[in-house]
Amino acid sequence: MNEWPLWEVFIRSQHGLAHKHVGSLHAPDAEMAINNARDVYTRRSEGLSIWVVRADGIVASSPGDKAPLFEPANSKVYRHPTFFPVPDEVKHM
Amino acid sequence: MYAQMIDTGMKRVQGLDEMSAEERTFQERIDAGIKIEAKDWMPDGYRRTLVRQISQHAHSEIVGQLPEGNWVTRAPTLKRKAILLAKIQDEAGHGLYLYSAAETLGVTRDQVYGDLLSGKVKYSSIFNYPTTSWADIGTIGWLVDGAAIMNQIPLCRCSYGPYARAMVRVCKEESFHQRQGYDIVMALACGTIEQRRMAQDALNRWWWPALMMFGPPDGDSVHSAQSAQWKIKLLSNDELRQKFVDQTVPQAEYLGLTVPDPELKWNEDTGHYDFGAIDWQEFRDVVAGNGPCNRDRLRTRVQAWDDGAWFRDGLLAHAQKRAQAQAAAARAA
Chain A
0 MNEWPLWEVF IRSQHGLAHK HVGSLHAPDA EMAINNARDV YTRRSEGLSI
50 WVVRADGIVA SSPGDKAPLF EPANSKVYRH PTFFPVPDEV KHM
Chain B
0 MYAQMIDTGM KRVQGLDEMS AEERTFQERI DAGIKIEAKD WMPDGYRRTL
50 VRQISQHAHS EIVGQLPEGN WVTRAPTLKR KAILLAKIQD EAGHGLYLYS
100 AAETLGVTRD QVYGDLLSGK VKYSSIFNYP TTSWADIGTI GWLVDGAAIM
150 NQIPLCRCSY GPYARAMVRV CKEESFHQRQ GYDIVMALAC GTIEQRRMAQ
200 DALNRWWWPA LMMFGPPDGD SVHSAQSAQW KIKLLSNDEL RQKFVDQTVP
250 QAEYLGLTVP DPELKWNEDT GHYDFGAIDW QEFRDVVAGN GPCNRDRLRT
300 RVQAWDDGAW FRDGLLAHAQ KRAQAQAAAA RAA
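These protein sequence lines are chains A and B, in that order. 0 is the number of the first residue of the first sequence in numbering that gives the first Met the number 0; add one for each residue after it. 0 is the number of the first residue of the second sequence in numbering that gives the first Met the number 0; add one for each residue after it.
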């Protein structure tokens, strides 16, 4: 059997927001993937723009590397503004 | 439900102390409410059970289009027809979200779909009943989609990320299905004597099959216990069924329709409705392939797949030809 390739679908909901992954679908080519994505993922005005990407073209981080990959963020709480106390007298900062 | 009596392949549920290190880490993540994602390690049983459950759920969405499709050309008004078409189109979309979720577990779309066509994997028992009047279309939306929502809302919190996300999308759309169904039944219930009779007749025929959708009581089922431990089943069949009865009976009363159960009675002590015994033999017969429409449903799907082969192949051939032409043009440039 000849299976159509898998495409990942990204939709931008409003001007100013980023495209967001909404799901995937099979289609023979990019044009059909856009058409199918329109029919499946934007039937209730969910989007103003569609991206489709061949699923086999996506490179993902490995779940096994999660700990070392994201560890550097854990020890650097000073990157968050809430790390720094602001005196009550200083109202807005 | 849309997935009924899912076999986990397990003989008994293991305690944390009997598990391998990997299994224990996995179970602890689930217990902590952390979602499992496609590329994470998972026990084979979890993967196989999810493929069964999600594909059965997907097949139900697809086969569920057939009883409704029966009335597209006979809808009473253009507005009802447009709404029914939109609902049926949603069901195709729900099937697609679910097939995509199943594919993240390492099976292909064609494998999963092939298992429906060969009869290896079932779809919900409810879709083996015929739609003999327009009132059935309203009653399906009201009861069948209502029952589906009851089951699908907790599944939005299930442990497998892609399945949970698919359920969130499905639930957003499902509410429209239930309301349009109730709207149809309401129009009939407020109509002529013949229309009221149609609405009552549909409720009489669909009530018990709708209660069967939730599946037999879990009792001592190892599979139910295992699925609960894996958090891919969040409420028991009986809990969901009770919620459905409690929610639906007042809706029927509002319409002045009678639920076809002489034993149905509000129980002040429990705060729930008591209801009569379900004919589980009928359920087993339908699941075994002997419902009123089993053969017809499967034959229709097989024919659609076979008749569409030239089209699927044609689109693929066209895409390949264009890709080759573009590559040749790029080389020449």
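All residues carry an ideal CB built from backbone N, CA and C; glycine is no exception.
What is the residue span of the beta strand (DSSP E) that F9 of chain A lies within?
-> Translated into the one-based positions of the first sequence, residue 9 of chain A becomes position 10. Run containing F9 of chain A: 5-11, per the beta strand (DSSP E) assignment.
Just mark C189 of chain B as buried or exposed, buried being the case when its beta carbon has 16 or more other beta carbons within 10 Å.
-> By one-based count along the second sequence, residue 189 of chain B stands at place 190. Flag for C189 of chain B reads exposed.
Does D182 of chain B have its Cβ less than 8 Å from a Cβ in chain A?
-> Looking up residue 182 of chain B in the second sequence gives position 183. Judged by the 8 Å Cβ criterion, D182 of chain B is not in contact with chain A.
Cβ separation of V169 of chain B and H93 of chain B, assumed to be a contact under 8 Å, to the nearest whole Å = In the second sequence, counting from the first residue as 1, residue 169 of chain B sits at position 170. In the second sequence, counting from the first residue as 1, residue 93 of chain B sits at position 94. Confirmed, Cβ separation roughly 5 Å.
Does the beta carbon of L116 of chain B sit closer than 8 Å to a beta carbon anywhere in chain A?
-> Position 117 of the second sequence, counting from 1, holds the residue named residue 116 of chain B. Closer than 8 Å to the CB of L116 of chain B there is not a single CB belonging to chain A.
Under the three-state reduction of DSSP, which class applies to K19 of chain A: helix, strand or coil?
-> Mapped onto the first sequence, residue 19 of chain A falls at position 20. K19 of chain A falls in the strand class under three-state DSSP.
Would you check if there are 3 or more beta carbon pairs closer than 8 Å linking the segment 0-8 of chain B to the segment 146-156 of chain B?
-> yes
Work out the CA separation of A20 of chain B and K65 of chain A for me, nearest whole Å.
-> Counting from 1 along the first sequence, the entry for residue 65 of chain A is found at position 66. Counting from 1 along the second sequence, the entry for residue 20 of chain B is found at position 21. Taking the straight line joining both Cα atoms gives about 18 Å.
Closer than 8 Å, CB to CB, is E67 of chain B near chain A or not?
-> What you label residue 67 of chain B is simply residue 68 of the second sequence in a count that begins at 1. Chain A contact via Cβ: absent.
So who's on the other strand from S336 of chain B, going by DSSP bridges?
-> What the structure shows of chain B is the stretch from 0 to 332, and residue 336 of chain B is not part of that stretch, so it cannot be assessed.
Taking C-beta pairs closer than 8 Å, name the residues in chain A that E36 of chain B reaches, listed in chain order.
-> For the purposes of this step, residue 36 of chain B is taken as residue 37 along the second sequence, with counting starting at 1. The answer, in chain order, is P62.
What residue range is occupied by the uninterrupted alpha helix (DSSP H) comprising W304 of chain B?
-> Here residue 304 of chain B is taken as the residue at index 305 of the second sequence, counted from 1. Taken as a continuous stretch (DSSP letters only), the alpha helix (DSSP H) holding W304 of chain B covers 293-306.
Got a sec? Which residues, its chain only, sit under 7 Å from I152 of chain B by beta carbon, not counting five neighbours each side?
-> Indexing the second sequence from 1 puts residue 152 of chain B at position 153. Answer for I152 of chain B: C170, listed in chain order.
With burial defined as no fewer than 16 other Cβ atoms inside 10 Å of the residue's Cβ, what is the status of H355 of chain B: buried or exposed?
-> What is shown of chain B runs 0 to 332, which leaves residue 355 of chain B out entirely.
Within the same chain, show all residues whose beta-carbon is closer than 6 Å to that of Y122 of chain B, passing over the 5 residues directly before and after it, in chain order.
-> For the purposes of this step, residue 122 of chain B is taken as residue 123 along the second sequence, with counting starting at 1. Here the set comprises H58, S59, V62.
What three-state label does DSSP hand R53 of chain A in the structure shown?
-> Within the first sequence, the letter at position 54 stands for residue 53 of chain A. If DSSP states are grouped into helix, strand and coil, R53 of chain A belongs with the strands.
Can a CB atom of chain B be found closer than 8 Å to the CB of H18 of chain A?
-> Taking the first sequence and counting its residues from 1, one reaches residue 18 of chain A at position 19. Cβ-Cβ to chain B under 8 Å: no for H18 of chain A.
Please report the residue range of the beta strand (DSSP E) in which K264 of chain B lies.
-> Locating residue 264 of chain B in the second sequence gives position 265, where the first residue counts as 1. For K264 of chain B, the enclosing beta strand (DSSP E) has its first and last residue at 264-266.
For M185 of chain B, I'd like the list of residues in its chain whose CB is within less than 7 Å of its CB, leaving aside the five on either flank, ordered along the chain.
-> Here the question's residue 185 of chain B lines up with position 186 in the second sequence. Contacts found: L254.
Tell me whether the beta-carbon of S132 of chain B lies closer than 8 Å to the beta-carbon of A31 of chain B.
-> Position 133 of the second sequence, counting from 1, holds the residue named residue 132 of chain B. Position 32 of the second sequence, counting from 1, holds the residue named residue 31 of chain B. Contact: no.
L256 of chain B to Q179 of chain B span [Cα, whole Å] | Residue mapping note: residue 256 of chain B aligns to position 257 of the second sequence, counting from 1. Residue mapping note: residue 179 of chain B aligns to position 180 of the second sequence, counting from 1. Cα to Cα, L256 of chain B sits roughly 18 Å from Q179 of chain B.
Measuring only between beta-carbons, confirm whether G92 of chain B sits less than 8 Å from chain A.
-> The residue you call residue 92 of chain B lines up with position 93 of the second sequence. Interface residue, yes.
Taking the alpha carbon of D55 of chain A as the point to measure from, which residue in A:H25, A:P84, A:N35 has its own alpha carbon closest?
-> As a working note, residue 55 of chain A is residue 56 in the first sequence. It is A:H25.
Straight-line gap, D237 of chain B to F282 of chain B (C-alpha atoms, nearest Å) = Here residue 237 of chain B refers to the residue found at position 238 of the second sequence. Here residue 282 of chain B refers to the residue found at position 283 of the second sequence. The straight-line gap from Cα to Cα measures roughly 15 Å.
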